[in-house]
Amino acid sequence: MTTPVTRYYEDVSEGEQLPVLTRTMSVARMMIYGAATWDFIRLHYDEGFAKSKGFPGPFVDGQMTGGHLAQLVQDWAGPSAFLRKLSFRNRAMLFPGDIITLQGTVTRKWIENGEHLVECSLWVDNQKGEKVIQPGSAVVRFASRSK
Amino acid sequence: MSDLLNRLQASVGKEFVFKAQYPIGHAPIRQYALSLENFNPLYSDSAFAKAHGLRDVMAPPTFICDSWQYFGGDIDERGELLGRHELRDLVGLRAGNDYEFFQPVHPDDTITAKWRVLDVAVKEGRSGKTIFQNFEVTFYNQRDELLAKSIEMMFHRG
Numbered sequence: 038m039t040t041p042v043t044r045y046y047e048d049v050s051e052g053e054q055l056p057v058l059t060r061t062m063s064v065a066r067m068m069i070y071g072a073a074t075w076d077f078i079r080l081h082y083d084e085g086f087a088k089s090k091g092f093p094g095p096f097v098d099g100q101m102t103g104g105h106l107a108q109l110v111q112d113w114a115g116p117s118a119f120l121r122k123l124s125f126r127n128r129a130m131l132f133p134g135d136i137i138t139l140q141g142t143v144t145r146k147w148i149e150n151g152e153h154l155v156e157c158s159l160w161v162d163n164q165k166g167e168k169v170i171q172p173g174s175a176v177v178r179f180a181s182r183s184k
Numbered sequence: 002m003s004d005l006l007n008r009l010q011a012s013v014g015k016e017f018v019f020k021a022q023y024p025i026g027h028a029p030i031r032q033y034a035l036s037l038e039n040f041n042p043l044y045s046d047s048a049f050a051k052a053h054g055l056r057d058v059m060a061p062p063t064f065i066c067d068s069w070q071y072f073g074g075d076i077d078e079r080g081e082l083l084g085r086h087e088l089r090d091l092v093g094l095r096a097g098n099d100y101e102f103f104q105p106v107h108p109d110d111t112i113t114a115k116w117r118v119l120d121v122a123v124k125e126g127r128s129g130k131t132i133f134q135n136f137e138v139t140f141y142n143q144r145d146e147l148l149a150k151s152i153e154m155m156f157h158r159g
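Top to bottom, those sequences are chains A and B. First residue of the first sequence? That's 38 in our numbering, and the numbers climb one at a time after it. First residue of the second sequence? That's 2 in our numbering, and the numbers climb one at a time after it.
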């Protein structure tokens, strides 16, 4: 990625679209995620086990998409911004080979208790146009040029 | 399903505390970022992180809420961590999460996680019964500073 640069509260506009983030699900990334999070449940990497439990195959841990949403927001907001809140509801399962598109838009900006805050609406679709995450939202604290 | 439901309902209000024996470390943060294809230098470049007001690299925000790194124990034949009590009695799917983050998490943080069963509910639909189980998880560092809070929402179709 290009070196991130600081974005200020004053640079953000309501209605602004976040740059779209696209990710392809893979067993390798799912395996790394499982190891990093100490989630060794076989449903996420063992095809035979997943099928024995009634699933079409190994599926992506739903929290992994939350990690991608945080990435969408942090990459846009820049390295001086701090993600204060992230909320999402999973609507569809993801499997290896699925391609997700993560999007967001700025819905509100305000100052509260000295914090310069921005709220974003977030959503995720798969390659079939199905909603994977909806609704989703984030609140981000930005640096201000006035401070 | 009624036995499972009875056990889950009896767990409402219970709290389970897990304390890590060692700090997070740099490598797990890099590994988590790699899994997400996330190459933001905030998570890997100490000089870059310090130039942006941090004491070292930080963890991607959701790392602390996703990782069971603080847990000490074996796994069972399903790959489930043993000894998580009623927290994983329901092997369900994720309905969603509400996270709140209070300060950046760093490699030298040693985590204590406090899991509390918030509520259990059953809904009946055309496809049968679905059990919902919600948790509140709070994460602290070695100075007992609140780092993050997560509401975890899981469900299981019987």
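By construction, the Cβ of each residue, glycine as well, lies at the ideal position given by its N, Cα and C atoms.
Check	Outcome
Per DSSP, which one or two residues make a beta bridge with residue 154 of chain B?	B:97, B:135
On the three-state DSSP scale, how would you describe residue 118 of chain A?	coil
Per DSSP, which one or two residues make a beta bridge with residue 158 of chain A?	A:142, A:174
Taking Cβ to Cβ, would you say residue 123 of chain A is nearer than 8 Å to residue 107 of chain A?	yes
Name, please, each residue of chain A whose Cβ falls closer than 7 Å to the Cβ of residue 32 of chain B.	69, 72, 73
Within 10 angstroms of its Cβ, does residue 71 of chain B collect 16 or more other Cβ (buried), or is it exposed?	buried
Using 8 Å for Cβ pairs, my map puts residue 180 of chain A next to residue 43 of chain A. What's the rounded Cβ distance?	6 Å
Quick check on DSSP: helix, strand or coil for residue 52 of chain B?	helix
Can the beta-carbon of residue 111 of chain B be found closer than 8 Å to that of residue 50 of chain B?	no
What does the alpha-carbon distance come out to for the pair residue 155 of chain A and residue 126 of chain A?	20 Å
What in chain B is Cβ-close to residue 55 of chain A, meaning under 7 Å?	Under the 7 Å cutoff, chain B gives no residues; its nearest Cβ is about 15 Å from residue 55 of chain A.
Since residue 188 of chain B meets chain A, which of its residues come closer than 8 Å, beta carbon to beta carbon?	Residue 188 of chain B lies beyond the residue range present for chain B, which begins at 2 and ends at 159; the question has no answer from this structure.
Could you say if the stretch 67 to 84 of chain A and the stretch 144 to 154 of chain A meet the contact criterion of at least three C-beta pairs nearer than 8 Å?	no
Going by the DSSP bridge assignment, what does residue 123 of chain B pair with across the sheet?	B:132
Quick one: list the residues of chain B neighbouring residue 105 of chain A, beta-carbon separation under 7 Å, in chain order.	37
Name the residue from B:99, B:40, B:44, B:138 whose alpha carbon lies nearest to the alpha carbon of residue 206 of chain B.	Nothing about residue 206 of chain B can be reported from this structure: the residues present for chain B run from 2 to 159 only.
According to DSSP, simplified to helix, strand and coil, what is residue 110 of chain A?	helix
Strictly below 8 Å CB to CB, what residues from chain A border residue 101 of chain B?	121, 122
Using C-beta distances below 6 Å, list every residue in its chain close to residue 157 of chain A, excluding the 5 sequence neighbours before and after it, in chain order.	141, 143, 175
Using a Cβ-Cβ cutoff of less than 7 Å, which residues in the same chain neighbour residue 77 of chain B once the five nearest sequence positions on both sides are dropped?	83
Say whether chain B places a C-beta atom closer than 8 Å to the C-beta of residue 135 of chain A.	no
Beta carbon of residue 40 of chain A, beta carbon of residue 42 of chain B: below 8 Å?	yes
Indicate whether at least one CB of chain B lies closer than 8 Å to the CB of residue 77 of chain A.	yes
Would you mind working out which of B:114, B:93, B:96 sits nearest residue 16 of chain B, comparing C-alpha positions?	B:114
Listing by chain order, which chain B residues have their CB less than 9 Å from the CB of residue 40 of chain A?	42, 49
With residue 33 of chain A as the anchor, note down where its beta strand (DSSP E) starts and where it stops.	Outside the displayed range of chain A (38 to 184) lies residue 33 of chain A, so it cannot be described from this structure.
State the CB to CB distance for the pair residue 100 of chain A and residue 63 of chain B, rounded to an integer number of angstroms; the pair is presumed to be in contact (CB under 8 Å).	7 Å
Please list, in chain order, the chain B residues whose beta carbon lies closer than 7 Å to that of residue 125 of chain A.	97, 98
Sort B:137, B:23, B:30 by Cα distance to residue 98 of chain B and report the nearest one.	B:137
Chain A beta carbons: is any one of them nearer than 8 Å to that of residue 72 of chain B?	yes
Can you tell me whether residue 50 of chain A is buried or exposed? The criterion is at least 16 other CB atoms within 10 Å of its CB, across all chains shown.	exposed
Relative to the C-alpha of residue 62 of chain A, which candidate in A:83, A:102, A:120, A:165 has its C-alpha closest?	A:102
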